[in-house]
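These protein sequences, in sequence, are chains A and B.
Counting from 203, one number per residue, gives the positions in the first sequence under this note's numbering.
Counting from 9, one number per residue, gives the positions in the second sequence under this note's numbering.
Here a beta-carbon is modelled for each residue, glycine too, at the ideal position from N, C-alpha and C.
This structure is a prediction, so every number in the text was calculated from the model and none was measured.
Inspection log for the structure reproduced underneath, given as structure tokens.
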Amino acid sequence: MSILVIAEHDNASIKAGTLNTLAAAQAIGGDIDLLVVGSGCAAAAEAGAKLAGVSKVRVADAAHYADGGAENVAALVVANASGYTHILAAASTSGKNVMPRVAAQLDVAQISEIVTVVSADTFRRPIYAGNAIATVQSADPVKVITVRTTGFDAVAETGGSGSVEALDAAADTGLTKLVNRELTKSERPELGAAGIIVSGGRGLGSGENYHSLLEPLADKLNAALGASRAAVDAGYVPNDYQVGQTGKIVAPQLYVAIGISGAIQHLAGMKDSKVIVAINKDEEAPIFQVADYGLVADLFEAVPALTAALG
Amino acid sequence: MKILVPVKRVVDYNVKVRVKADASGVDIANVKMSMNPFDEIAVEEAVRLKEAGVATEVIAVSCGVAQCQETLRTAMAIGADRGILVQTDEELQPLAVAKLLKSLVDKEGPQLVILGKQAIDDDANQTGQMLAALLNLPQATFASKVAIADGKATVTREIDGGLETLSMSLPAIVTTDLRLNEPRYATLPNIMKAKKKPLETVTPADLGVDVAPRLKTLKVEEPPKRSAGVKVADVAELVAKLKNEAKVI
């Protein structure tokens with residue numbers, strides 16, 4: 203077996219989701235190459251070579267890869283796909299954007315968001331917002347796969363000694379142009395990689411309340427901040443805070459759901475968390491059905507008290 | 009310009025699905041079926057572009073069983089002008105649907121195809137990207153804003169960490185995220201009108217597409233159940249439990 207993992211990076215370092223993706227590749231077994239596509243990404247490639255399990259880093263460094271556009275990245279992956287039995291990427295917005303394009307160009311199916319490797323051609327993946335788990339088998343010559351990162355424990359960031367090889371860039375497709383990118387600036391841990399997440403819902407009532415109540419608590423816990431779809435739709439916080447079926451899928455050590463009722467679409471995004479705490483004044487709220495510790499209380503009193511109690 | 013909008017018939021998002029006892033799939037007999045919510049957003053966006061004078065015709069397409077006609081009628085009640093059903097009883101996977109759509113794009117020549125970013129049944133999130141690949145067209149997935157002017161689409165996308173805006177020449181493929189718009193409710197007069205709109209039926213064979221599934225589903229199981237824990241009386245007890253029992257803080 204020969205596996206190509208597409209790295210997610212910021213040119214300087216490799217993002218956390220790639221470590222989980224490498225773990226999925228190790229579960230399949232075989233030689234693992236890491237593809238680093240970017241512009242001025244030599245440092246990321248060096249970091250990639252140190253990751254556990256990577257035999258070779260293949261780097262394509264060109265100006266037209268700066269934006270990570272799906273058209274150009276997919277064209278490069280397809281041009282270098284020969285010889286690989288599996289091509290993997292994290293099921294991030296970037297992986298989800300690029301990989302189906304790769305699969306279609308190779309005329310193979312994509313296997314989305316695997317959570318378990320059963321064998322080299324058989325995988326388990328959630329369907330219906332995680333209300334069912336399907337075991338699927340692929341007969342295609344190349345398996346194009348996105349990996350749900352919460353399904354696999356990250357490999358070590360150090361200890362590897364992969365070689366680094368430069369790849370020729372593919373021609374610029376020129377199909378899309380990046381006009382603008384607005385990334386939410388935050389000193390907090392990244393939602394997908396955080397050990398603790400404090401998440402708020404419509405029960406908070408306003409964006410002001412969200413910030414004034416949840417930020418001090420998140421500071422105390424060194425937690426990432428998340429939100430339900432209702433809170434995002436109501437404009438309390440930006441879209442990238444959303445946890446759920448169509449937002450981010452998270453599985454931290456501790457998930458604190460505050461003023462979140464617990465629609466199945468939200469539960470789909472967080473029910474694999476190790477410990478779930480729910481604070482909600484409605485004791486019938488479905489969130490309590492998955493919470494390890496439920497506190498039926500007015501969040502406007504309970505949250506400041508919790509923040510204070512954590513000293 | 010024409011806009012093509014593929015719509016999928018799925019189990020309604022309010023239905024809690026049950027896995028069949030023989031693990032062959034989920035039970036969809038006698039459950040409410042609806043248009044995939046992301047596709048509803050796609051139809052709404054296309055209809056708004058027509059109302060704004062940007063588009064001249066909105067064509068809804070559905071691939072699947074005969075009952076997908078209902079899904080097409082729903083799209084036409086929102087405002088699509090006509091429908092095309094690619095009828096088959098076979099299981100359709102995203103690559104097969106993308107190939108069917110490609111053949112319809114080749115035939116109809118739309119400048120824009122707007123799809124839902126994922127269907128809430130298989131949660132695959134593939135078809136739009138695959139269609140873009142097969143047509144070698146630009147793609148803008150997870151759109152929260154779409155503007156069309158001077159033969160170009162400017163699309164704001166929801167990405168991990170925030171938003172980005174892409175510009176691309178038409179024709180192009182767009183997939184919708186939740187915040188692109190809020191679909192309207194179809195009014196009774198529009199539901200009645202939709203019944204009279206043209207609906208054409210073709211088969212995968214008519215389009216010359218092999219739709220044989222590439223992935224075989226071996227079994228479908230319930231996820232591990234998470235049992236409800238305990239209710240704590242107050243914040244002090246909660247903190248004590250988290251420190252001493254769960255040991256997570």
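For residue i, I'd like the list of residues in its chain whose CB is within less than 8 Å of its CB, leaving aside the five on either flank, ordered along the chain.
{"i": "Ser215 of chain A", "result": "Ala245, Ala246, Ala249"}
{"i": "Pro197 of chain B", "result": "none"}
{"i": "Ile11 of chain B", "result": "Ala54, Leu57, Lys58, Ala63, Glu65, Val66, Ile67, Pro118, Gln119, Leu120, Val121, Ile122"}
{"i": "Val578 of chain A", "result": "The requested residue 578 of chain A is not part of the displayed model; chain A covers only 203 to 513."}
{"i": "Ser111 of chain B", "result": "Leu215, Gly216, Val217"}
Consult DSSP for residue i and reduce its assignment to one of helix, strand or coil.
{"i": "Tyr457 of chain A", "result": "strand"}
{"i": "Met43 of chain B", "result": "strand"}
{"i": "Lys58 of chain B", "result": "helix"}
{"i": "Asp114 of chain B", "result": "helix"}
{"i": "Thr135 of chain B", "result": "helix"}
{"i": "Ala88 of chain B", "result": "coil"}
{"i": "Met176 of chain B", "result": "strand"}
{"i": "Gln447 of chain A", "result": "coil"}
{"i": "Asp442 of chain A", "result": "helix"}
{"i": "Ile128 of chain B", "result": "coil"}
{"i": "Thr195 of chain B", "result": "coil"}
{"i": "Lys251 of chain B", "result": "helix"}
{"i": "Leu145 of chain B", "result": "coil"}
{"i": "Val344 of chain A", "result": "coil"}
{"i": "Arg303 of chain A", "result": "helix"}
{"i": "Asn282 of chain A", "result": "coil"}
{"i": "Ser32 of chain B", "result": "coil"}
{"i": "Leu223 of chain B", "result": "strand"}
{"i": "Ser414 of chain A", "result": "helix"}
{"i": "Pro328 of chain A", "result": "strand"}
{"i": "Thr211 of chain B", "result": "coil"}
{"i": "Glu53 of chain B", "result": "helix"}
{"i": "Asp435 of chain A", "result": "helix"}
{"i": "Tyr267 of chain A", "result": "helix"}
Would residue i count as contacting chain C if we go by Cβ distances under 8 Å?
{"i": "Tyr330 of chain A", "result": "No chain C is present in this structure, whose protein chains are A and B."}
Among the residues of its own chain, which have a CB less than 7 Å from the CB of residue i, if the five just before and after it don't count?
{"i": "Arg192 of chain B", "result": "Glu52, Ile86"}
{"i": "Ala436 of chain A", "result": "Arg404"}
{"i": "Asp185 of chain B", "result": "Lys125, Phe150, Ala151, Ser152, Glu166"}
{"i": "Ala202 of chain B", "result": "Arg81, Met84, Ala85"}
{"i": "Ser294 of chain A", "result": "Glu210, Gly219"}
{"i": "Lys204 of chain B", "result": "none"}
{"i": "Val280 of chain A", "result": "Val304, Gln307, Leu308"}
{"i": "Val239 of chain A", "result": "Ala262, Tyr267, Val275, Leu278"}
Does the beta-carbon of residue i have 16 or more other beta-carbons within 10 angstroms, so that it is buried, or is it exposed?
{"i": "Lys40 of chain B", "result": "exposed"}
{"i": "Gln75 of chain B", "result": "exposed"}
{"i": "Ala385 of chain A", "result": "Inspection of the sequence shows that residue 385 of chain A is occupied by Leu rather than by Ala. The residue is exposed, with fewer than 16 neighbouring Cβ atoms inside 10 Å."}
{"i": "Lys473 of chain A", "result": "buried"}
{"i": "Lys107 of chain B", "result": "buried"}
{"i": "Glu98 of chain B", "result": "exposed"}
{"i": "Ala426 of chain A", "result": "buried"}
{"i": "Pro206 of chain B", "result": "exposed"}
{"i": "Pro343 of chain A", "result": "exposed"}
{"i": "Met113 of chain B", "result": "The sequence as given places Val at residue 113 of chain B; Met does not occur at that position. With 16 or more Cβ atoms within 10 Å of its Cβ, Val113 of chain B is classed as buried."}
{"i": "Val238 of chain B", "result": "exposed"}
Can you give me the Cβ contacts of residue i inside the same chain, cut-off strictly under 6 Å, excluding the 5 residues immediately before and after it?
{"i": "Ala194 of chain B", "result": "Ala85, Ile86"}
{"i": "Pro179 of chain B", "result": "Gln119, Leu145"}
{"i": "Leu246 of chain B", "result": "Val240"}
{"i": "Val498 of chain A", "result": "Glu485"}
{"i": "Asp233 of chain A", "result": "Ser204, Ser257"}
{"i": "Val300 of chain A", "result": "Ala272, Val275, Ala276"}
{"i": "Asp20 of chain B", "result": "Lys40, Ser42"}
{"i": "His468 of chain A", "result": "Ser430, Gly446"}
{"i": "Ala254 of chain A", "result": "Val357, Ala358, Gly361, Gly362"}
Please confirm whether any heavy atom of the ligand SAH lies closer than 7 Å to the CB of residue i.
{"i": "Thr337 of chain A", "result": "As far as ligands go, the structure on display features none, and thus does not contain the ligand SAH."}
**Study point:** Members of the stretch 217-228 of chain B that neighbour chain A once the beta carbon cut-off is set at 7 Å
**Key:** Legend: CB atoms of the stretch 217-228 of chain B lying less than 7 Å from CB atoms of chain A belong to residues Arg222, Leu223, Lys224, Thr225, Leu226, Lys227, Val228.
Check your understanding: Touch check for the stretch 360-378 of chain A and the stretch 412-427 of chain A: three-plus C-beta pairs under 8 Å?
Key -> no
Practice item. Name, going along the chain, the residues of the stretch 27-57 of chain B whose beta-carbon falls closer than 7 Å to a beta-carbon of chain A. Key: When C-beta distances to chain A are compared with 7 Å, the residues of the stretch 27-57 of chain B below that value are Val27, Val34, in chain order.
Exercise for review: Mind the definition here: the stretch 361-368 of chain A touches the stretch 389-396 of chain A only if three or more C-beta pairs lie below 8 Å; say whether that holds.
Suggested key: Contact between the stretch 361-368 of chain A and the stretch 389-396 of chain A is absent, because fewer than three Cβ pairs lie under 8 Å.
Exercise for review: With 8 Å as the limit, tell me which residues of the stretch 89-119 of chain B have their beta carbon closer than that to any beta carbon of chain A; keep them in chain order.
Suggested key: Gln101, Pro102, Leu103, Ala106
Practice item. May I ask you to list, following chain order, the residues of the stretch 164-177 of chain B that have a beta carbon less than 9 Å from some beta carbon of chain A? Key: Correct list: Thr164, Arg165, Glu166, Ile167, Asp168, Gly169, Gly170, Leu171, Glu172, Thr173, Leu174, Ser175, Met176, Ser177.
Review point. Residues in the stretch 481-495 of chain A with C-beta within 9 Å of chain B's C-beta atoms, listed in sequence order?
Key: Ile481, Glu485, Phe490, Gln491, Val492, Ala493, Asp494, Tyr495
Practice item. For the stretch 204-217 of chain B and the stretch 149-169 of chain B, state whether three or more C-beta atom pairs, one from each stretch, are separated by less than 8 Å. Key: Verdict: no, contact absent.
Exercise for review: Below 9 Å between beta carbons is the criterion; list the residues of the stretch 124-142 of chain B that meet it against any residue of chain A, in chain order.
Suggested key: Within the stretch 124-142 of chain B, contact with chain A at the beta-carbon level (separation under 9 Å) is assigned to Lys125, Gln126, Ile128, Asp129, Asp130, Asp131, Ala132, Asn133, Gln134, Thr135, Gly136, Gln137, Met138, Leu139, Ala140, Ala141, Leu142.
Review point. Looking at C-beta atoms only, is the number of pairs between the stretch 350-359 of chain A and the stretch 311-320 of chain A that lie closer than 8 Å three or more?
Key: yes
**Study point:** Segment contact, 8 Å Cβ cut-off, at least three pairs: the stretch 126-134 of chain B with the stretch 41-50 of chain B
**Key:** yes
Review point. If contact means a Cβ-Cβ distance below 8 Å, which residues of the stretch 409-431 of chain A contact chain B?
Key: Leu423, Arg431
Point to revise | Validate contact between the stretch 136-144 of chain B and the stretch 288-308 of chain A using beta carbons, cut 8 Å, 3 pairs | key: The stretch 136-144 of chain B vs the stretch 288-308 of chain A: in contact.
Check your understanding: Residues in the stretch 57-88 of chain B with C-beta within 8 Å of chain A's C-beta atoms, listed in sequence order?
Key -> none
Review point. If you pair each beta-carbon of the stretch 222-233 of chain B with each one of the stretch 325-335 of chain A, do three or more pairs fall below 8 Å?
Key: yes
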